[in-house]
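Structure first, then comments.
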Amino acid sequence: SGGNKGFDKVVWDVVEQKDGEQPSIIFKYESSDGEEGYPGDVTVTATYTLASTNTLRLDMEAVPKNKPTPISLAQHTYWNLGGHKSGNILDHLVQLSASRITPVDENSIPTGELLPVKGTPFDFTSEKKVGISIGEVGIGYDHNYVLLEYSGQEKSGLNHAAKVKEPSSGRVLNLWTDAPGVQFYTANYVNGVAGKEGAVYGKHSGLCLETQGFPNAINQPNFPSIVVQPGEKYKHSMLFEFSVE
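178 is the number of the first residue of the sequence shown in my numbering; add one for each residue after it.
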């Protein structure tokens, strides 16, 4: 749920916690009809599982109870594989399993087009430093990439969406998902945020890979529908796999 008080600003209940080889925790939130302008009562859960020592899985589910409603949940972690105090992410190498983006108008709303990235600053089909072309896209990247239906790589039934590498440490993040899109965002509006251990986070101090339905899908009939009917289950999974190269 977007709006001024989205799901990131509400209190969720912990409904289950498991220990063992694959520890997990389930958070639940009940969204009421009309909240932030959205129709219907919706039950939402987010399940975090430590699938292995280096893999975190997130499963998000939502079930509308009484009215059809648009649902597209995204996870908005800021990643900096150099460490949170290491400065900006312009030297991070990024590869995205996407050959098209959904271009936006002057209000950053997708127009309904699907634009091939080849030959543009948006091309991350092969590994590329974030900073190489960032100066050509305004204040930075904040665009929805149309993920390939099959990237050629699969894990736990999920498609490979992105690879991020921090060259000096060799740390690598691979992201897998079943979502149709991923918003690539380079913290363009982060400015003077007080962080951990006295750090101050500035512009481009992290990057986000928000797997999602396409923004503005509710107004674009050619985009995959994000409307969920009462009793149907919305489900969206992602796998964050960490390694060193």
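No residue lacks a Cβ here, since even glycine has one placed at the ideal position from N, Cα and C.
Residue pairing by DSSP places residue 220 opposite 207, 240 in a beta bridge. As a beta-bridge residue in DSSP terms, residue 420 pairs with 349.
Ranking 206, 368, 211 by CA distance to the CA of residue 188 puts 206 first. Residue state for residue 394 is assigned as helix, using DSSP reduced to three classes. By the criterion of a C-beta distance shorter than 8 angstroms, residue 243 is surrounded in its chain by 210, 217, 218, 407, once the five residues flanking it on both sides are discounted. The beta-carbon separation of residue 353 and residue 270, rounded to 18 angstroms, does not stay under the 8 angstroms limit for a contact.
Here residue 319 really is in contact with residue 362; their C-beta atoms are around 5 angstroms apart, less than 8 angstroms. Between residue 276 and residue 325, the beta carbon gap of about 7 angstroms places them in contact (Cβ cut-off 8 angstroms). The C-beta separation of residue 293 from residue 314 comes to about 15 angstroms, leaving the pair out of contact by the 8 angstroms criterion.
Note: residue 358 is bridge-paired with 323, 389 in the DSSP secondary-structure output. Within the segment 240-290, no complete alpha helix (DSSP H) segment of 4 residues or longer occurs.
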